[in-house]
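Structure first, commentary second.
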Amino acid sequence: MSPTTLPAPPEQGHVTFLGAGPGDPGLLTLRAVEALANADVLVAEHDVLDVVRTHARQGVSEVHTDADTTASSTPGTGTPQLTVVDGASTTAGVPANRDAAHLVMEAARGGKRVVRAVSGDPGLDAYAAEEMLACASAGVPFEVVPGVATAVGVPAYAGVPLRDAQGTDVRFVDARTASDRCWTEVGASDGTVVVSTTLDSVAAAAGELVSAGRKPDTPLTVTVAGTTTRQRTWTATLGTIAQTLKQAKVLPSPEGGRPVIAVVGERSAAAQRDRLAWFESKPLFGWRVLVPRTKEQAASLSDQLRSYGAVPHEVPTIAVEPPRTPQQMERAVKGLVTGRYEWIAFTSVNAVKAVREKFEEYGLDARAFAGIKVAAVGEQTANALIAFGVKPDLVPSGEQSAAGLLEDWPPYDPVFDPIDRVFLPRADIATETLVAGLIELGWEVDDVTAYRTVRASPPPAETREAIKGGGFDAVLFTSSSTVRNLVGIAGKPHNVTVIACIGPATAKTAEEHGLRVDVMAPEPSVHKLAEALADFGARRRLAALDAGDPVTRPSERRPGARRRRSTT
């Protein structure tokens, strides 16, 4: 009789309880990013998922629970609505009314690496504490990755330090679960109180503090959507906060109110917030900025805009496609290997990408550039070459354009230049300025179509409506073609939208389309263009403050006079 083979025990899973912070994805810790990259299953509330999902590994699928079968979604009550991201979709059949603990335990028992992401810090989350106990009882190994606590991170972003040099006592209260005894204790204290509540209930929380002994003229700040570009902070006193919110036209929410953090105290620096509000005073804070470029080109520009507090919205207006007849490009790349060229000049990142893809197709790498001089127009083009393993020999010292490159390009000298030919991989719509200038310097040029630029598909209807209806605060035009293509696929930006152009030629095209140009880059660089828009926003903000007016975004104002340039 053959021995019986017992099935191998299932591999033990692991759970990481991860603090996602108060809302800004930039506040995730390095350990949090590492855990997300290695997770098999991600369990999170929907708002938290928006913060952590970009760090989850590729190929995950999402399963949303049904809100109708979960408990109340009011903050602080019931079971939170959950979303599960699972690379193997093993939990796709889990009933919607199963709570987070069951989802976490089921995945962990199946040998999965589970990340349970919560808002703020896991140590301050009651649900996470229960789930940790469940793991401990079941013998499932787990770890805790702390996050920035909402009650600490939001005041920091609102410019409200919680302690001063005298060591102010700081107390934290969750108004949604606080007992009468808790209110009495904090009311009797003269320290700083950080209250977690909702926008609809903040006036009631202020009343509780007054009833408990705090003076009605005690300063407080109230911050909603803290650490995000939707953040808004009001400064008032315990006795006037209800009137302040009414004057600000803050309407009651049918969902029970948005979570807010209120900071109360004589020494909570509420009176100094105008000087300490570093986040909301960013030059483009909350501005929706349209970036009409290809997605690859828009990435670094969008990152720069975010650093100014803007909310970039990328709308591709140009799609890059291979040339219709690839034979010319193939011959030129082979010519690089056989020594046909003395120079190769790249005028765009797309040209670098096109040559690199052809190299990879032939099994070549950067070593094929040995003995060939390389020129690049623009910092981004040069960086793309460096990423490929090629350091440019020539980058214009002045204007980053074809004209700037020609100013620095050496004339052909038969004594020093054994070969007189230049390989110029470009777009099908490129101008002849560079070719004519190189020929005038004595060089022969192989002007090769490396890629085609075609008009992209129209954006979604919602985006088109926002463009034409004034939903965007600014639009950045980085070339004449982006002007023509955006107007062609989505229509003209509304007359309140700030128009920013990368240079005179682009500005002229914008004006020809009936647009008034508000901002122009001091030099043809996308980063200088973003800087110029930020400078414009900063001046606009200062002008409003000097005039005693509220700081608003362009989309929040509807001036009577039209800003369009007359076409007659």
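Under our numbering, think of the first position of the sequence shown as 28, with each following residue one higher. All residues carry an ideal CB built from backbone N, CA and C; glycine is no exception.
Taken through DSSP and simplified to helix, strand or coil, Phe-450 comes out as strand.
DSSP links Ile-526 through a beta bridge to Val-502.
Annotation for Arg-568: Val-578 place their beta carbon closer than 6 Å to its own, counting only its chain and skipping 5 residues before and after. Contact annotation: Arg-315 and Phe-563 have beta-carbon atoms that are not nearer than 8 Å. As summarised for the region 302-338, the continuous alpha helix (DSSP H) elements at least 4 residues long and confined to that stretch are 322-334, given in chain order.
Apart from sequence neighbours up to five positions away, the residues of its chain that approach Ala-548 with a beta-carbon distance below 7 Å are Ile-529, Gly-530, Lys-555, Leu-556 and Ala-559, ordered along the chain.
DSSP places His-554 outside any beta strand (DSSP E); the residue lies instead in the alpha helix (DSSP H), whose first and last residues are 553-573. Tyr-368 places its beta carbon 8 Å or farther from that of Val-422. In its chain, beyond the 5 residues on either side, Val-417 have a beta carbon closer than 6 Å to the beta carbon of Phe-396. For Lys-361, the enclosing alpha helix (DSSP H) covers residues 354-365. Taking the Cα positions, Ala-561 is about 12 Å away from Val-502.
Around the beta-carbon of Asn-65, fewer than 16 other beta-carbon atoms lie within 10 Å, marking it exposed. Annotated as distal: Gly-292 and Leu-311, with beta-carbon spacing of 8 Å or more. 8 Å or more divides the Cβ of Phe-373 from the Cβ of Ala-393.
Restricted to the region 233-286, the beta strand (DSSP E) segments that are unbroken, complete and at least 3 residues in length are 246-251 and 259-264, listed in chain order. Here Gly-180 is near Gly-48, since their CB atoms are less than 8 Å apart. A direct Cα-Cα distance of roughly 50 Å separates Asp-152 from Val-544.
Following the DSSP letters along the chain, one finds Val-481 inside the beta strand (DSSP E) bounded by residues 471-482. Looking at the backbone, the Cα of Gly-390 and that of Phe-44 are separated by about 45 Å. Under the DSSP assignment, Phe-44 falls in the beta strand (DSSP E) whose first and last residues are 41-46. Counting along the chain, Trp-210 sits inside the alpha helix (DSSP H) bounded by residues 207-215. If the five residues before and after Val-131 are omitted, its C-beta is found closer than 7 Å to the C-beta atoms of Val-42, Val-70, Val-141, Arg-143 and Glu-158, all from its own chain and listed in chain order. Residues His-82 of the same chain have their beta carbon placed closer than 6 Å to that of Val-60, with the five preceding and five following residues left out of the count. Inclusion of Val-523 and His-540 in the CB contact set at 8 Å is not warranted, their separation being larger than that value. Across the structure, Pro-246 and Glu-489 are spaced so that their CA atoms are roughly 41 Å apart. The alpha-carbon separation between Arg-302 and Ser-308 amounts to approximately 9 Å. The beta carbon of Arg-259 sits closer than 8 Å to the beta carbons of Thr-250, Val-251, Ala-252 and Glu-307 from its chain, once the five residues preceding and following it are set aside; these are given in chain order. If you look at Arg-198, you'll find it in the beta strand (DSSP E) that goes 197-201.
The C-beta distance from Thr-476 to Arg-453 rounds to 7 Å, short enough to fall under 8 Å.
Per the Cβ contact rule, the region 347-363 is in contact with the region 467-484 (3 or more Cβ pairs under 8 Å).
Membership of Val-187 in any beta strand (DSSP E) is not indicated, and neither H nor E is assigned to it by DSSP. Within the same chain, Val-342, Thr-344, Thr-509 and Leu-513 come within 6 Å of Pro-319 by CB-CB distance, once the 5 residues on both sides are set aside. Cβ-Cβ distances below 6 Å link Leu-412 to Val-379, Ala-403 and Pro-419 in the same chain, with the five nearest sequence neighbours on each side left out; the list follows chain order. Here Ser-164 carries a helix assignment [DSSP, helix/strand/coil]. Excluding sequence positions up to five before and after Lys-242, its CB lies less than 6 Å from no other CB in the same chain. Cβ contact annotation for Glu-170 (same chain, cutoff 6 Å, sequence separation greater than five): Thr-43, in chain order.
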